[in-house]
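Just so we're aligned: the sequence shown equals residues 380 to 561 in our numbering.
The next block holds one structure in the form of structure tokens; read it before the comments.
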Amino acid sequence: MEQYRDAGGNLSQPDFEQVFLPHLDAAYNLARWLLRNDQDAEDAVQEAYLRAYKAFARFRGGDGKAWFMTILRNVCYTMIKKLRSNETSEPFDERIHQSMSDLEMQEAFRRKADAENLHYALEKLPDEFREIIVLHDLEGLAYREIAAVASIPIGTVMSRLARARGRLRTEIIALNAKEPSS
């Protein structure tokens with residue numbers, strides 16, 4: 380198990396919270412993208428955190444984020460199987476609350492439309508593609524970490540990421556083509 384130094388400079392075993400609390404935001408982000416529902420994502424993170432706590436004695440150090448994300452991923456896919464028939468998508472909604480000039484307003488609407496298109500395009504991707512994009516591009520995990528989380532070879536991670544980006548690009552182009560010109 381990875382060793383840490385306490386306040387006195389002595390080596391100590393890491394405690395559960397020290398290892399896993401820093402990764403809760405990343406875990407929620409992945410769960411939200413996989414489950415497509417805020418409440419389900421919160422439930423999944425809570426369940427994964429509880430499972431990680433119970434299994435902490437088996438944690439052998441190293442990358443706590445990858446270990447925790449693996450547990451979370453398993454929880455999410457179990458929930459997906461249970462919720463698949465009841466799945467609903469929540470619309471992406473950002474409100475613009477400040478006073479802006481016309482140019483600023485147009486730019487803000489363009490950025491919002493781009494974000495909505497990205498969100499919608501990500502929603503349309505198959506789970507395994509969306510997962511790879513979220514883990515790599517949004518959460519910054521390295522190929523090796525993603526391979527550990529998803530239990531797939533690094534080569535599969537790289538090819539799946541390339542295919543996912545291609546599909547995402549195609550979805551965004553199609554969405555932009557559907558929008559009326561202004």
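Beta carbons: idealized from backbone N, C-alpha and C, even for Gly.
This one's a predicted model, so the numbers in the text were calculated from it and none came from an experiment.
| Query | Result |
| --- | --- |
| Can you tell me whether residue 474 is helix, strand or coil according to DSSP? | With a pLDDT of only 49 at residue 474, under 50, the local geometry of the prediction cannot be trusted, and the value read off the model is given with reservation. In this structure, residue 474 counts as coil in the three-state DSSP scheme. |
| Return the CA-CA distance between residue 534 and residue 548, expressed in angstroms with no decimal places. | 21 Å |
| For residue 500, which residues from the same chain have a beta carbon less than 8 Å from its beta carbon, with the 5 sequence-adjacent residues on both sides left out? | 547, 550, 551 and 554 |
| Identify, in the order they occur along the chain, each residue of the same chain with its Cβ nearer than 7 Å to the Cβ of residue 532, setting aside the five sequence neighbours on each side. | 526 |
| Below 8 Å on the Cβ atoms is my contact criterion, and I expect residue 506 with residue 409 to pass it. Report the Cβ-Cβ distance as a whole number of Å. | About 11 Å separates the two Cβ atoms, so there is no contact after all. |
| Under 8 Å, do residue 448 and residue 513 count as touching if we go by C-beta distance? | no |
| How is residue 440 classed by DSSP in three states: helix, strand or coil? | coil |
| Indicate, with yes or no, if the ligand SAM has a heavy atom lying under 7 Å from the CB of residue 553. | For the structure depicted, the ligand SAM is absent and the ligand set is empty, with no information on it obtainable. |
| If we call anything under 8 Å between Cβ atoms a contact, is residue 437 one with residue 450? | no |
| Can you find the residues in the same chain that come closer than 7 Å, C-beta to C-beta, to residue 517, ignoring five residues on each side of it along the sequence? | 408 |
| Which of the three DSSP states, helix, strand or coil, is assigned to residue 394? | coil |
| Could you say which of 445, 422 and 544 lies nearest to residue 455 if we only look at CA atoms? | 422 |
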